[in-house]
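Line by line, the protein sequences give chains A and B.
The number in the numbering used here is simply the position in the first sequence, starting from 1, with 20 added.
The number in the numbering used here is simply the position in the second sequence, starting from 1, with 68 added.
Built from N, CA and C at the ideal position, the CB exists for glycine as well.
These figures come from a predicted structure and were not determined experimentally.
To keep things clear, I will list the structure first and then write my remarks on it.
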Amino acid sequence: MSAAIDTAPANPAPAADTRDTRAAWALTAPALMLFVGVLLIPLAMTVMLSFHDWGQYKGIEPVFILKNWHEVATDPYFAEMFWRTFRIALLTTLITAVLGAPEAYILNRMSGRWKSLFLLVILGPLLISVVARTLGWALLFGGTNGLVNKLLMSLGLIGSPVPFMFTETGMVVALAHVMMPFMVLSVWAALQRVDPQIENAALSLGAGPLTIIRRIVLPQIMPGVLSGAIIVFSLSASAFATPAIIGGRRLKVAATLAYDEFLNTLNWPLGAAVAVLLLVALVMIVVGSNALIERRYAELFR
Amino acid sequence: MSFLELDRVAKQFGPQTVVDDFSLAVGKGEFISFLGPSGCGKTTTLQMIAGFLDPSRGAIRLEGRDLTAVQPAKRGLGIVFQSYALFPHMTAAENVAFGLEMRRVPRVERDERVRATLAMVGLAGYEDRYPRRMSGGQQQRVALARALVIQPSVLLLDEPLSNLDAKLREGMQIELRQIQRNLGTTTVLVTHDQNEAMSLSDRIVVMSQGRIEQIGTPQETYERPASAFVSQFLGKTNDFTATIDRTAVSARLVAGSWSGPAPAGVRGPVTISIRPERIGFGDAGLAAKIVTRIFQGNHWLFQCESECGPAIVIRQNDGRPQPAEGEAVRLAWRPEDMSLRDAGGPA
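Dropping the structure here:
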């Protein structure tokens with residue numbers, strides 16, 4: 021009995037090891053297969069598709085050419101689309117950060133019941149479809165029939181409807197509304213890690229309220245603001261529903277452009293090139309800024 | 069004239085009175101502790117001195133000047149928080165320098181004072197460390213340095229040692245006391261640890277349910293507790309009910325088989341309270357049986373079952389043989405070692 025116990029640890033360890041590894045693979049296999057099946061393979065196919073040829077009468081030809089990539093890289097039409105996409109995403113991110121961070125801070129200082137009520141108000145929009153929320157903006161500002169436009173015009177405050185539909189401003193405003201909860205939640209999470217006594221500590225050392233916000237609170241929630249910014253930026257740059265409704269055909273962004281190439285022009289390979297370029301650009305921006313943030317705020321992330 | 073004065077201060081949260089009728093005069097350079105169980109109002113009182121809470125009634129004066137009208141940022145008090153509340157995005161030196169920056173102390177002087185204060189709390193060479201990379205004890209020292217560098221008129225300590233382990237806490241107590249003595253800073257400590265209050269303070273304010281139970285030196289509060297609460301909160305104690313026997317020539321105080329001369333003015337039944345280390349085993353006195361005997365190195369702890377209920381006795385381990393478990397003993401004490409209260413209530 022004792023002999024068996026004594027020798028036990030020496031030998032079966034490697035055997036148990038391989039068994040554990042095998043079990044681990046077996047257990048993760050279903051999820052892994054799903055991941056490979058619905059994400060990696062379609063992604064690889066899209067990348068391959070972007071190198072195929074296409075003609076109005078011949079359709080898609082499975083050959084390897086750089087025609088689509090050459091077109092995307094040289095035609096200023098695509099450059100304009102991509103610049104617009106990232107301009108809109110950047111502006112949306114800025115607006116959500118400037119409004120969302122103070123919103124989260126105020127929310128965090130509210131007392132119990134008010135806090136939960138306003139948290140619900142902020143998160144509420146997430147429960148409603150993006151399409152419905154964006155259409156709401158269209159109802160308010162859509163041309164002469166928009167409710168707000170009608171009201172302002174009948175009051176004589178404006179002569180013609182506020183330009184909202186088919187403008188970049190409209191897109192940014194609607195996107196900022198849609199993305200706000202992500203920023204608020206991200207800053208909120210960062211605020212939870214701030215010692216509640218820390219503002220009192222700064223106060224006792226003679227700091228005024230503005231100094232406390234600027235020197236003590238802001239540096240500590242900055243990682244939250246920045247990670248919120250990454251989420252908002254990548255979601256805005258790849259957003260489809262809001263730009264499709266507000267911008268329509270007149271004001272396209274990368275996502276709606278790819279959609280149009282696929283479903284209207286039927287030039288799948290070109291659409292694939294646009295989609296892949298958007299993906300690569302976003303991944304590079306997100307990974308790059310994330311690395312920068314983690315280096316800059318190393319002492320806060322530990 | 070007292071330096072810091074609290075005059076009938078009270079604090080109410082809605083219908084609940086958290087601190088009531090709190091009056092205290094603190095002398096310059098004095099080390100005062102607010103001692104009591106959690107929820108007794110000691111931290112609330114400290115926060116009112118700091119200015120984070122406004123008193124509902126009463127006045128707080130510093131050198132005769134009304135403090136309640138002064139913004140907390142302008143009070144010039146040094147505070148060490150229970151959680152330390154260090155600024156995590158600043159190094160130790162930047163943390164300590166913050167208060168001086170707010171006072172617009174010139175850079176050269178600021179650097180010198182930060183360096184000197186960090187050295188005083190034993191953290192020379194740790195200037196560029198971030199709080200997260202320091203141990204609890206080191207963070208505690210940074211918090212202390214940050215509060216002291218502004219040369220505060222009063223230093224407020226809110227359970228500063230409660231997050232440290234026992235050994236570190238003892239060391240910090242001694243160091244804290246030395247630093248406070250050297251600087252002569254008037255200090256108010258909030259604690260629930262009676263040992264900490266006794267080893268650090270000049271005077272202790274024992275609090276219970278928002279009220280002051282007793283103000284006195286550590287010895288006074290321990291030796292002559294003003295109420296049952298104080299005697300029980302500050303260390304172990306034995307409470308026996310005693311009656312007065314007037315049949316003898318001079319009235320005698322009787323508890324079981326123990327009796328002593330009755331102090332003048334005592335009439336009805338009283339509760340007598342004796343610290344366990346003041347009880348000895350003798351030939352006459354309260355009859356008791358030893359239930360358990362515990363050896364604790366420098367002393368023995370006896371739990372006895374006496375005529376008047378359970379009793380605890382502590383005897384110094386002086387090398388002499390001690391009674392064994394189950395042995396019948398007599399418990400005796402000098403009349404001056406006990407304190408008397410009316411039975412069932414404070415004296």
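Check                                                                                                                                   : Outcome
Residue from A:Leu171, A:Arg42 and A:Pro263 with nearest C-alpha to Thr189 of chain A                                                   : A:Pro263
Reference Leu92 of chain B, options B:Thr85, B:Gln84 and B:Ser101, closest by Cα                                                        : B:Ser101
Range of the contiguous alpha helix (DSSP H) that encloses Phe253 of chain A                                                            : Leu238 to Ala257
Any 3 or more C-beta pairs closer than 8 Å across the stretch 194-202 of chain A and the stretch 147-155 of chain A                     : yes
Distance between beta carbons of Val245 of chain A and Ala121 of chain A, contact taken as under 8 Å                                    : 5 Å
Chain A contacts from the stretch 155-187 of chain B (Cβ-Cβ distance under 7 Å)                                                         : Phe155, Pro156, His157, Phe166, Gly167, Met170 and Arg171
Pro239 of chain A to Trp208 of chain A span [Cα, whole Å]                                                                               : 14 Å
Residues of the stretch 337-354 of chain B with Cβ closer than 8 Å to any Cβ of chain A, in chain order                                 : none
Simplified DSSP state of Met367 of chain B, which is helix, strand or coil                                                              : Checking the sequence, you will find His at residue 367 of chain B rather than Met. It is a strand residue.
Top-ranked residue by Cα proximity to Phe301 of chain B, from B:Gln150, B:Thr309 and B:Arg292                                           : B:Arg292
Beta-carbon contacts of Ala167 of chain B that lie in its chain and below 7 Å, excluding the five residues immediately before and after : In the sequence under discussion, the amino acid at residue 167 of chain B is Gly, which differs from the Ala named in the question. Once the five neighbours on either side are set aside, the close Cβ partners of Gly167 of chain B are Arg214, Val217 and Ile218.
Beta-carbon neighbours of Leu145 of chain B, restricted to chain C and to distances below 9 Å                                           : Note that chain C does not occur in the displayed structure, where the protein chains are A and B.
Residue-level contact to chain B via CB, Pro263 of chain A, 8 Å cutoff                                                                  : no
Reduced DSSP category for Leu86 of chain A - H, G, I as helix; E, B as strand; rest coil                                                : coil
Members of the stretch 127-145 of chain B that neighbour chain A once the beta carbon cut-off is set at 9 Å                             : Gln139, Pro140, Ala141, Lys142, Arg143, Gly144 and Leu145
Chain-ordered chain A contacts of Ala153 of chain B [CB-CB under 8 Å]                                                                   : Asp215, Gln217, Ile218, Asn220 and Ala221
Limits of the alpha helix (DSSP H) - the one that Val182 of chain B falls within                                                        : Arg175 to Met188
Own chain partners of Val67 of chain A with C-beta closer than 8 Å, once the 5 adjacent residues on each side are dropped               : Ala292 and Val296
Cβ-heavy atom distance, Val298 of chain B to the ligand COA, below 7 Å                                                                  : Summarising the ligand content, the structure contains no ligands, and the ligand COA is consequently not present.
When A:Asp95, A:Phe184 and A:Gly166 are compared against Arg270 of chain A, the one with the closest alpha-carbon                       : A:Phe184
Sheet register partners of Ile342 of chain B (DSSP bridge)                                                                              : B:Asn306 and B:Met406
Own chain partners of Ala400 of chain B with C-beta closer than 6 Å, once the 5 adjacent residues on each side are dropped              : Gly348, Gly350 and Gly353
Per-residue burial, Pro96 of chain A [other beta carbons within 10 Å of its own, 16 or more giving buried]                              : exposed
Test: Ile362 of chain B CB closer than 8 Å to a CB of chain A                                                                           : no
Cβ of Phe71 of chain B within 8 Å of any chain A Cβ                                                                                     : no
Under 7 Å from the C-beta of Ala227 of chain A: neighbouring residues of chain B                                                        : Ala141 and Met170
Outcome for Met200 of chain A when other beta-carbon atoms lying within 10 angstroms are tallied against a minimum of 16                : buried
Residues of the stretch 235-256 of chain A whose Cβ lies closer than 7 Å to any Cβ of chain B, in chain order                           : Ile236, Pro239 and Gln240
Beta-carbon spacing of Leu145 of chain B, Ser224 of chain A below 8 Å                                                                   : yes
Buried or exposed (CB count within 10 angstroms, at least 16 for buried), Phe55 of chain A                                              : exposed
Spatial distance of Gly144 of chain A from Arg200 of chain B (CA atoms)                                                                 : 37 Å
DSSP three-state assignment for Glu393 of chain B, whether helix, strand or coil                                                        : coil
Three or more C-beta pairs below 8 Å linking the stretch 120-135 of chain A and the stretch 298-318 of chain A                          : no
Residue range of the alpha helix (DSSP H) that includes Gly350 of chain B                                                               : Segment Gly348 to Gly350 is the beta strand (DSSP E) holding Gly350 of chain B; no alpha helix (DSSP H) there.
Residue(s) in a DSSP beta bridge with Arg125 of chain B                                                                                 : B:Ala78
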